[in-house]
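Asker:
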Amino acid sequence: MKRLYLLVATISLLAIHACSDRIEETYTVNSPEYMSYEDLRSSFAMKSAQTIHQPGKIYFKDEFIFINEYQKGIHIIDNSDPSQPNQLTFLTIPGNIDMAIKGNMLYVDSYIDLVTIDISDMNNIIEVDRDEGVFPYIIPDFRNGVIDAIDESKGVITGYAISERTEEITAQDYYYRRMPMWESSLFTVDMASSAKINGTGIGTGGSMARFTLYDDYLYAIDNASLHLFDVSDNTNPTFTKQILISWQIETLFPYQQKLFIGARSGMYIYSLQNPAHPEYISQFRHATACDPVVVEGDYAYVTLRGGNLCGAIESQLDVINISIPEEPILVKEYPMTEPYGLGIENDILFICDGKDGLKIFNAADPLNITTNSIAHYANLNAFDVIPLGNILLLIGSDGLYQYDYSSLDNITLLSHIKVY
476 MKRLYLLVAT
486 ISLLAIHACS
496 DRIEETYTVN
506 SPEYMSYEDL
516 RSSFAMKSAQ
526 TIHQPGKIYF
536 KDEFIFINEY
546 QKGIHIIDNS
556 DPSQPNQLTF
566 LTIPGNIDMA
576 IKGNMLYVDS
586 YIDLVTIDIS
596 DMNNIIEVDR
606 DEGVFPYIIP
616 DFRNGVIDAI
626 DESKGVITGY
636 AISERTEEIT
646 AQDYYYRRMP
656 MWESSLFTVD
666 MASSAKINGT
676 GIGTGGSMAR
686 FTLYDDYLYA
696 IDNASLHLFD
706 VSDNTNPTFT
716 KQILISWQIE
726 TLFPYQQKLF
736 IGARSGMYIY
746 SLQNPAHPEY
756 ISQFRHATAC
766 DPVVVEGDYA
776 YVTLRGGNLC
786 GAIESQLDVI
796 NISIPEEPIL
806 VKEYPMTEPY
816 GLGIENDILF
826 ICDGKDGLKI
836 FNAADPLNIT
846 TNSIAHYANL
856 NAFDVIPLGN
866 ILLLIGSDGL
876 YQYDYSSLDN
886 ITLLSHIKVY
């Protein structure tokens, strides 16, 4: 199947013909480069630990940290000693962005496939199942120009060859090429380890997660839909249904038999009383913005990031009363700089404010959060966090940080794995 995708181009106008309705222009062309489906489905590999270059999502289970290398795979770190994390191995998984773990099975996306990986033996990690074509075809991001014709039969797109093209087009085409478009779909070590992955329970993801687990179901979102997989047999996920939610949904957060879905238009609440059939409860609408959400008690905490493709709204933190899930109510708005992920535990709120670093607040009083600041680490570019009792995991553009916050009066940096 061939498709033509256009985004706003950087175009040099060469000539306008006075006697015609045609325009000659030069523009940048992104020609897709492909990996065949055969190569994709034989590409999984376990390798020695590698340098982290472009970190994405993070996940934690049983003293192990899993860090996504954007669209490349997953770094696995033994964190039995948070002051000396030990990078164990790297899993090559082309097109990977998200992950979740049930028992000793790691579920990951690999472009359009869902892959199940057995991590029970950290010295012999193997792929045990692959559900092919269960996710939408992905068009990777690019900076400017247009995308040349796409042929999905050739495989998945791994990148682009850049060139320039000059052609004569109609004035109407010239106009439409300048109309704003939406963001494309879906950022030598000893391998032996004494820590073990438990065969029961589920792990913990960050607030930017698009994969999450609840009961015997794996939930995954694309830009518009929620995909359900039955993982009662955790070695063999079974796709059960797809639920249309809204355009530009972004994050998932399960809490007390409910699923909170962050979208650029607002926050959606679904009931998980029957995990096989999530049911819509309500929506809290806000101005268009990128929107992760976390929940504790009667409140949902939502960071809204404006600018770029996220929206024109000023960046802020919204606190929403969800004590009556059918009627979520905005309690307070707090200005932020560039907020991404966030986490909350026992009224301690952690906010990754992008280039303004990590901000920690006492959120016991929702009406006075920013006046109850605990700490501000401004010298890092923060993306997402996972609070784990006394230890905070933070992933940013310059690596993985771990903080001991058992004493809020003396929060201590335990370790830092750098990005190169």
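Going by the working numbering, the letters in the sequence shown line up with residues 476 to 895, in that order. Quick reminder that beta carbons are idealized off the backbone N, C-alpha and C, glycines included.
Ordered along the chain, which non-local residues of its own chain (more than five positions away) have a Cβ less than 7 Å from that of Asn865?
Answerer: Against the sequence shown, residue 865 aligns to sequence position 390. So the qualifying residues of the chain are Asp879, Tyr880, Ser881.
Asker: Looking only at DSSP bridge pairs, what is Ser585 linked to?
Answerer: What you label residue 585 is simply residue 110 of the sequence shown in a count that begins at 1. Paired residues: Asp588.
Asker: Of all the beta strand (DSSP E) runs that stay within the bounds of the region 551-621, which reach a length of 3 or more residues?
Answerer: Runs found: 561-567, 574-577, 580-585, 588-593, 601-606.
Asker: For Ile540, which residues of its own chain have a beta-carbon under 6 Å away from its beta-carbon, when the five flanking residues on both sides are left out?
Answerer: The residue given as residue 540 occupies position 65 in the sequence shown. Taken in chain order, the residues that qualify are Ile552, Asn554.
Asker: Is it the case that the Cβ atoms of Pro611 and Gly634 are separated by a distance below 9 Å?
Answerer: Position 136 of the sequence shown, counted from the first residue, corresponds to residue 611. Position 159 of the sequence shown, counted from the first residue, corresponds to residue 634. For Pro611 and Gly634, no; Cβs fall outside 9 Å.
Asker: Suppose only complete runs of 4+ residues qualify. What are the alpha helix (DSSP H) ranges in the region 705-775, listed by chain order?
Answerer: You should have found no qualifying run.
Asker: Classify Leu747 as buried or exposed, calling it buried when 16 or more other Cβ atoms lie within 10 Å of its own Cβ.
Answerer: One-based indexing of the sequence shown puts residue 747 at position 272. Buried, because 16 or more other Cβ atoms sit within 10 Å of the Cβ of Leu747.
Asker: Taking Cβ positions, are Lys671 and Asp556 nearer each other than 9 Å?
Answerer: Locating residue 671 in the sequence shown gives position 196, counting from the first residue. Locating residue 556 in the sequence shown gives position 81, counting from the first residue. Not a contact, by the Cβ cut-off of 9 Å.
Asker: Confirm, please, whether the CB-CB distance from Tyr815 to Arg760 is below 9 Å.
Answerer: By 1-based counting over the sequence shown, the position of residue 760 is 285. By 1-based counting over the sequence shown, the position of residue 815 is 340. Not a contact, by the Cβ cut-off of 9 Å.
Asker: Mind checking which residues open and close the beta strand (DSSP E) that includes Asp879?
Answerer: On the sequence shown, position 404 is the one that residue 879 refers to. First-last of the beta strand (DSSP E) with Asp879: 874-879.
Asker: Decide if Glu754 is buried, meaning its Cβ has at least 16 other Cβ atoms within 10 Å, or exposed.
Answerer: Your numbering for residue 754 matches position 279 in the sequence shown. It counts as exposed.
Asker: Is the beta carbon of Ile823 less than 9 Å from the beta carbon of Asn843?
Answerer: If you number the sequence shown from 1, residue 823 lands on position 348. If you number the sequence shown from 1, residue 843 lands on position 368. Their beta carbons are not under 9 Å apart, which means Ile823 does not touch Asn843 by this criterion.
Asker: How would you call Ser511, buried or exposed, if buried means at least 16 neighbouring beta carbons within 10 angstroms?
Answerer: To locate residue 511, count along the sequence shown from 1; it is residue 36. Counting Cβ neighbours within 10 Å, Ser511 comes out exposed, since fewer than 16 surround it.
Asker: Who pairs with Thr641 in a beta bridge, going by DSSP?
Answerer: The sequence position of residue 641 within the sequence shown is 166, counting from 1. Note: Thr641 sits in a beta bridge opposite Thr501.
Asker: Let me know if His528 comes out buried or exposed under the rule of 16 or more other beta-carbons within 10 Å of its beta-carbon.
Answerer: Against the sequence shown, residue 528 aligns to sequence position 53. Exposed, by the Cβ-count rule.
Asker: Indicate the three-state DSSP secondary structure (helix, strand or coil) for Pro507 in the structure shown.
Answerer: In the sequence shown, residue 507 corresponds to position 32, counting from 1. Residue state, collapsed to three classes: strand.
Asker: Glu813: which of Asp828, Met521, Ile892, Ala636 sits nearest, CA to CA?
Answerer: Walking along the sequence shown from the start, residue 813 turns up at place 338. The residue with the shortest Cα to Cα distance from Glu813 is Asp828.
Asker: How many Å lie between Ser848 and Phe704 at the Cα?
Answerer: Residue 848 sits at position 373 when you count from the first residue of the sequence shown. Residue 704 sits at position 229 when you count from the first residue of the sequence shown. Taking the straight line from one Cα to the other gives about 41 Å.
Asker: Throw me the rounded Cβ distance for the Tyr509 and Gly630 pair, which I believe falls under 8 Å.
Answerer: As a working note, residue 509 is residue 34 in the sequence shown. As a working note, residue 630 is residue 155 in the sequence shown. About 4 Å; that satisfies the 8 Å criterion.
Asker: Evaluate Ile588 with the Cβ neighbour count: other Cβ atoms within 10 Å of its Cβ, from every protein chain shown; 16 or more gives buried, anything less gives exposed.
Answerer: For the purposes of this step, residue 588 is taken as residue 113 along the sequence shown, with counting starting at 1. Rather than Ile, the amino acid found at residue 588 in this sequence is Asp. By the neighbour-count rule (16 or more Cβ atoms within 10 Å), Asp588 is buried.
Asker: Buried or exposed: Asp584, going by 16 or more other Cβ atoms within 10 Å of its Cβ?
Answerer: Position 109 of the sequence shown, counted from the start, is the residue given in the question as residue 584. Its Cβ being crowded by 16 or more others within 10 Å, Asp584 is buried.
Asker: Relative to the C-alpha of Gln562, which residue among Thr778, Lys522, Lys834 is closest?
Answerer: In the sequence shown, the residue the question calls residue 562 occupies position 87. Ranking the options by Cα distance to Gln562, first place goes to Lys522.
Asker: What do you get for Ala775, buried or exposed, if any count of 16 or more other CB atoms within 10 angstroms of its CB means buried?
Answerer: Counted from its first residue, the sequence shown places residue 775 at position 300. Result: buried.
Asker: Whose C-beta lies closer than 7 Å to the C-beta of Trp722 among residues of the same chain, with five residues either side of it excluded?
Answerer: Within the sequence shown, residue 722 is the residue found at index 247, counting from 1. Asn698, Ala699.
Asker: Mind checking which residues open and close the alpha helix (DSSP H) that includes Leu515?
Answerer: Start at 1 with the first residue of the sequence shown, and residue 515 comes out as number 40. Segment 512-515, the alpha helix (DSSP H) holding Leu515.
Asker: With DSSP as the reference, identify every bridge partner of Pro530, one or two as the case may be.
Answerer: Residue numbering aside, residue 530 sits at position 55 when the sequence shown is read from its first letter. Answer is Glu544.
Asker: Measure the C-alpha to C-alpha separation of Ile870 and Asn543 and round it to an integer number of angstroms.
Answerer: Looking up residue 870 in the sequence shown gives position 395. Looking up residue 543 in the sequence shown gives position 68. Answer to the nearest angstrom: the Cα atoms are 10 Å apart.
Asker: Taking the continuous beta strand (DSSP E) assigned at Tyr689, which residues delimit it?
Answerer: The residue labelled residue 689 in the question sits at position 214 within the sequence shown. 686-689 is the extent of the beta strand (DSSP E) around Tyr689.
Asker: When you compare only the Cα positions, how much space is there between Thr845 and Tyr895?
Answerer: Translated into the one-based positions of the sequence shown, residue 845 becomes position 370. Translated into the one-based positions of the sequence shown, residue 895 becomes position 420. Going by the C-alpha atoms only, they are around 34 Å apart.
Asker: On the three-state DSSP scale, how would you describe Glu801?
Answerer: One-based indexing of the sequence shown puts residue 801 at position 326. DSSP places Glu801 in coil when its eight states are reduced to three.
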